[in-house]
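Here the structure is laid out as structure tokens; the discussion comes afterwards.
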Amino acid sequence: MSKPVVVVLLSAYAITYFIYVISILHLISRMYSILRLVKVMTLMLLVVQLAAQDWMVKTSTNFNIYYQSADEDLLVRLDSLCLAELSALEVRLNYHTGNAINVFLGQDMSPTKRDLVGSGEVYMEPQSIYLDMHNSFTSIAYDFRNQAVEVLVNEMMYGGAFQDKIKSSNLINLPDWVIPGLYHYLGDKWSVNTDNTMRFIEDEYGLDDFNQIPDKYKHIKGAAFWKFIEHKYGTNAIPTVLYMARLTRKFNASIYYSFQTNLYELFSDWKDYYYTAYRADQSKPNPLEGIVLDKASLYEICVKSSDTFYTLQANFLGVSVYRYVFDGEYKKDKLYTLKGTEAPIGVFQKSLYIDGDELKLVLMKGGGIVIKSVLRNGPAEQRIPLSAVGTICSSDQGVFLVVSKALMSTVYKYTKNHNLETVLVVGGFIKSISINKDDLVYVTTDESEDRLFRYDMVQHTKSEDFRSSHGINQVIAVGDSAYLYNSSSNGILNGKLLDAKLKQNALTNYRYNILFHQYTDKIFAEYLDRGEQSALFITDHIDASDFFTYDSLYETFFYSKEEAESEKTKARSFSNDSLSDYTFQRPVYPSTDFTSSNYDSFYLSKLAGDETKAFTKGQEHISVSSARFQLTNSPFQANNSVFPGAYRLLLPSSLNISVGATFTNQYHTKEIGLYYTGIVQPGARDIQFCYKQKGNWNAEVQLLSRRRIFFSEDSRDAYHTVYGDYTLSQSRWSDKVTISHSLNGRYDRLSPLYFSEESIASEIRNSFLTGYTSRLRFQSSSIKHMLSADLAISPQISVLAEGFSVTADLHLMHKLRASAKDQLVTSIRLGSSQGSASSYFMIGGASGDVLIKDGNRSFSQYKEPAVYTNVYGIRGFNGNYRNGNTFFTLQSQFESKILEYLFKRPITAEVFANLKGHVFVDVATAFYGSGIYDEANVLSTSIVESSTKVLLIKINAYKNPLIASTGIGASTLIYGYQVSFDYAFGLEERKFRTPILHLSLGHSF
8 MSKPVVVVLL
18 SAYAITYFIY
28 VISILHLISR
38 MYSILRLVKV
48 MTLMLLVVQL
58 AAQDWMVKTS
68 TNFNIYYQSA
78 DEDLLVRLDS
88 LCLAELSALE
98 VRLNYHTGNA
108 INVFLGQDMS
118 PTKRDLVGSG
128 EVYMEPQSIY
138 LDMHNSFTSI
148 AYDFRNQAVE
158 VLVNEMMYGG
168 AFQDKIKSSN
178 LINLPDWVIP
188 GLYHYLGDKW
198 SVNTDNTMRF
208 IEDEYGLDDF
218 NQIPDKYKHI
228 KGAAFWKFIE
238 HKYGTNAIPT
248 VLYMARLTRK
258 FNASIYYSFQ
268 TNLYELFSDW
278 KDYYYTAYRA
288 DQSKPNPLEG
298 IVLDKASLYE
308 ICVKSSDTFY
318 TLQANFLGVS
328 VYRYVFDGEY
338 KKDKLYTLKG
348 TEAPIGVFQK
358 SLYIDGDELK
368 LVLMKGGGIV
378 IKSVLRNGPA
388 EQRIPLSAVG
398 TICSSDQGVF
408 LVVSKALMST
418 VYKYTKNHNL
428 ETVLVVGGFI
438 KSISINKDDL
448 VYVTTDESED
458 RLFRYDMVQH
468 TKSEDFRSSH
478 GINQVIAVGD
488 SAYLYNSSSN
498 GILNGKLLDA
508 KLKQNALTNY
518 RYNILFHQYT
528 DKIFAEYLDR
538 GEQSALFITD
548 HIDASDFFTY
558 DSLYETFFYS
568 KEEAESEKTK
578 ARSFSNDSLS
588 DYTFQRPVYP
598 STDFTSSNYD
608 SFYLSKLAGD
618 ETKAFTKGQE
628 HISVSSARFQ
638 LTNSPFQANN
648 SVFPGAYRLL
658 LPSSLNISVG
668 ATFTNQYHTK
678 EIGLYYTGIV
688 QPGARDIQFC
698 YKQKGNWNAE
708 VQLLSRRRIF
718 FSEDSRDAYH
728 TVYGDYTLSQ
738 SRWSDKVTIS
748 HSLNGRYDRL
758 SPLYFSEESI
768 ASEIRNSFLT
778 GYTSRLRFQS
788 SSIKHMLSAD
798 LAISPQISVL
808 AEGFSVTADL
818 HLMHKLRASA
828 KDQLVTSIRL
838 GSSQGSASSY
848 FMIGGASGDV
858 LIKDGNRSFS
868 QYKEPAVYTN
878 VYGIRGFNGN
888 YRNGNTFFTL
898 QSQFESKILE
908 YLFKRPITAE
918 VFANLKGHVF
928 VDVATAFYGS
938 GIYDEANVLS
948 TSIVESSTKV
958 LLIKINAYKN
968 PLIASTGIGA
978 STLIYGYQVS
988 FDYAFGLEER
998 KFRTPILHLS
1008 LGHSF
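Residue numbering for the sequence shown follows my numbering, beginning at 8 and increasing consecutively.
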């Protein structure tokens, strides 16, 4: 982008801001009550309790590491680890970032991950990396890679400068599995878990139909694509495809120009490659008749006997403890549901255990932990002042609790007498423990291997018994210095037995990973990772000396070929003359040239260029996080208007351009937004200011100045609105529930424009409303279902008209995923407004329909409404086809990805990949007063006059206000914009109306 254009854009932003300030001051000066409202909002904002942000920062050439409490040794090692991982990723991508990356040690405060391809929204802020130091360095390195690869690929594909992001973000459109798959492949390095999931996909869904694989596995099938590409074309294939994708802006073209082949042939080779890879694994057995348990929702398993076990599982409403009892079949009953202040310790950390006749559960609560008696045969709850407990082990001596950090771990014992004792402090991260009489057995992990130690709690001696580079998971001491654990020595997590001679023996040769096992004097249980078919297998106790062991295990395809493939890809040279002079990286180190230097010299140059600076207090700075240049037909607060004619100017048929920017601090705790909407619609102008602040209660301030002008032959009217809203919100009871409280006020003025004698005599009308809204939101999802509910109660006062109202509004939405290609979406909304100045609701049309027309249905005169609210809610009719102070809408739509039934290969074009066909049924009604028979309903009223027009007779005749519609449609994405087409047949009074075509920008409902 040239400098003059940049200057013009900056000037436009400055002018927009100036107009905004002048408009606000002008309107506030005419309404002193608004000024008082803003003052109240400001004072309330100042008293919001925010989370402490006393950050320190360690800066270097490559990283700004923000922390609140950490020792210097940890920071130095962390910086070294991150530098090594970043350098390896840069080599892999053939791209070097010249910007220092922000790394935060603590809770992730960043917004929800957003696609950089959007409908006119360009995200500018550099991504930050968040690391939890209550993890091993292996896990920290894994987390860093998964986040750092996003930073590098986003900058590599969309640019780092403002003008690059503007040019690229809305033009590069890739299939939704390509970039997530790359993130996963480079971050995960094709781990045994990824290999296990791909093996399950091949077993369960096959590979002939790429589109049959569910969307929840898109990162896995994407990772499989990149692994195959690298296998077939060499290590530089990844940056080559990415560069060509940025150059051609089409995925098919990038594949062709990179490898001179089409995607269909590549997909055929991809299938053959993975069929060959997993064919040998099919000979590996799996136990039969397991108890299927949903892996995605499972936290803990505790087996009591061969016919009774307990689980800690997430459900649609929260997390609960369940009991399974076998009586011909396993029957399930709920024992306890976690409260909003309680959270599980982790996944398979033995926090659910049996203590005598009691079932106990260890939970995080209020900065510490509690031991909950689920069956209530003992004390209901025991509080322990420990935080960040990682793993647990129960024994006759009490409960052993491990608090681990990257460089140090502490083992505590909570005795039967409720005393907390320190048992052991070790350097390193403890991932698993077990108790055998007076021996504490524990496993530490670092980046290269796991080590198994035995600590005598009486003699206070320690010995290292075993180490493995393939993992030692969930160690269980079984007596006589023998240990059970799971390890991936052949590429699959199978059971191992370390005997008294410290020899490792293979106990199982399964096709899938063992995620959990339990061994007691009554049972031996294993839980196998088979995707949706993951199952628990329980057998009677087997003595350790009686275990059957395998002499050797056949290695999996990828495990056995890993070293050979690594050497092949390094030796293979893939060249493309068009790329001979191309390099992605910016010249940060001029002496280092990717085209002439080898990877080792690049790595050493990067290490040499790294310079560590002083530890300082982190200074808050605010930068542009997003820029907007967006076509829109649904501006902020467009569905509410005060004067009868104003709603027509806010219908979705009025297109406008929205421009603006959002500014965020590096902690993502403060955000400022400024937007201007207008340009296209004559006389339209919106200026919106937004301020958000995160804390214990999230605070948000919204200010809006709006103008709309109505043009006709007889009159021209200007509608002005100033709106302010202050909102506090917080997640309560669980992360699925959010409660918010809002204080809002708006001033509206209707003023005729003077262009005739009649207009000079017209009266200027004013309105001032103030109100409060309490809102409860619920959202939850599972593999097949997604449910959201939004309930709002809003009392409101009309200051000038001296009226009031109370409005209730409930919106329910449910999505049922029938298959990988089909879903059923149902939306129900109902509301009512009561009081002397109630709200009037208008139904009819689609909420984003650019072709919508006003139905011009007259309003009842039995009350003077304070607000007119457009609900839409039914296709096949024009807007405002029904109105009233009570409404109900129901919309049900079955959607199907029709092209995926026709093509088995990947569909890459944005329009076709997102194309869905749908059929729908809508039902709606609205009425005044207490019911459809109330005299206030103008729909049932007609006037009959005599021939001389002297006698007028008002007739109240019943007319059913219920309307319905049905039809077909399609939706897709075009340059990031959701576009929907609906052809709807309206049904009124048992007669079908002339069908209406709806073209919606955004979803139909």
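For glycine and all other residues, C-beta sits at the position ideal for the given N, C-alpha and C.
| query | result |
| --- | --- |
| Whole angstroms are fine: how far does the CA of A653 sit from the CA of L776? | 16 Å |
| Whose CA, out of I186, S758 and S719, lies closest to the CA of A725? | S758 |
| Along the chain, where does the beta strand (DSSP E) that runs through D816 open and close? | G810 to R824 |
| Is A844 helix, strand or coil by DSSP? | coil |
| Tell me which same chain residues have a C-beta within less than 6 Å of the C-beta of K510, skipping the five on either side of it? | none |
| Could you spell out where the beta strand (DSSP E) holding E128 opens and where it closes? | E128 to Y130 |
| Going by the CB atoms, is the gap between D693 and R713 shorter than 8 Å? | yes |
| Which full runs of the beta strand (DSSP E) of 3+ residues lie inside the segment 513–561, going along the chain? | 521–526, 530–535 and 542–547 |
| Quick check: the segment 844–863 against the segment 901–908, are there 3 or more CB pairs under 8 Å? | no |
| Pull the bridge partners of Q830 from the DSSP assignment, please. | R824 and E902 |
| Please report the straight-line C-alpha distance between F436 and F144, rounded to a whole angstrom. | 8 Å |
| What is the residue span of the beta strand (DSSP E) that E3 lies within? | Because the chain here runs from 8 to 1012, residue 3 falls outside it and cannot be looked at. |
| Would you check if there are 3 or more beta carbon pairs closer than 8 Å linking the segment 348–356 to the segment 304–316? | yes |
| Tell me the DSSP secondary structure of P292 in three-state form. | coil |
| How far does the alpha helix (DSSP H) with Y733 in it reach, from first residue to last? | Where Y733 is concerned, there is no enclosing alpha helix (DSSP H), although the beta strand (DSSP E) it sits in stretches over R723 to S738. |
| What are the start and end residues of the alpha helix (DSSP H) that includes V160? | F144 to Y165 |
| Output yes or no for whether 8 Å exceeds the beta carbon distance between F851 and G862. | Note on residue identity: the sequence assigns Gly, not Phe, to residue 851. Yes, these two residues count as a Cβ contact at 8 Å. |
| For a quick check, are the C-beta atoms of I236 and K228 less than 8 Å apart? | no |
| Thinking C-alpha only, which one of I108, S738, F555 and N944 is nearest T348? | S738 |
| Sort T728, Y492 and K624 by Cα distance to A551 and report the nearest one. | Y492 |
| Between L750 and K791, is the Cβ-Cβ spacing less than 8 Å? | no |
| Please state whether the Cβ-Cβ distance between T669 and P642 is less than 8 Å. | no |
| Can you say whether L50 is buried or exposed, counting buried as having 16 or more other CB atoms within 10 angstroms of its CB? | Unreliable positioning characterises L50 in this predicted model, as indicated by a pLDDT of 41, which lies under 50. The coordinate reading is nonetheless provided below. Burial call: exposed. |
| On the three-state DSSP scale, how would you describe A933? | strand |
| Under 8 Å: do the segment 835–852 and the segment 909–922 share three or more Cβ pairs, one atom per stretch? | no |
| Near Q644, what residues of its chain come up, given a Cβ to Cβ distance below 7 Å and the 5 sequence neighbours on each side ignored? | L711 and Y730 |
| Within 8 Å, do at least three Cβ pairs link the segment 500–509 to the segment 265–275? | no |
| Would you list the one or two residues that DSSP bridges to R692? | G685 and R714 |
| Quick one: using the 10 Å Cβ neighbour count with 16 as the cut-off for buried, is I128 buried or exposed? | At residue 128 the sequence reads Glu, which differs from the Ile that was named. The residue is buried, with at least 16 neighbouring Cβ atoms inside 10 Å. |
| Is A387 buried or exposed, if buried means 16 or more other CB atoms sit within 10 Å of its CB? | exposed |
| Can you pull the DSSP bridge partners for H1005? | D989 |
| Taking the alpha-carbon positions, what's the N877 to N647 distance? | 7 Å |
| With a 10 Å radius around its C-beta and 16 neighbouring C-beta atoms as the bar for buried, classify P968 as buried or exposed. | buried |
| What's the gap between the Cα of N663 and the Cα of A148? | 47 Å |
| Does the count of Cβ pairs from the segment 694–701 and the segment 627–640 closer than 8 Å reach three? | no |
| What are the start and end residues of each continuous beta strand (DSSP E) run of 3 or more residues lying completely inside the segment 321–345, in chain order? | 326–333 and 337–344 |
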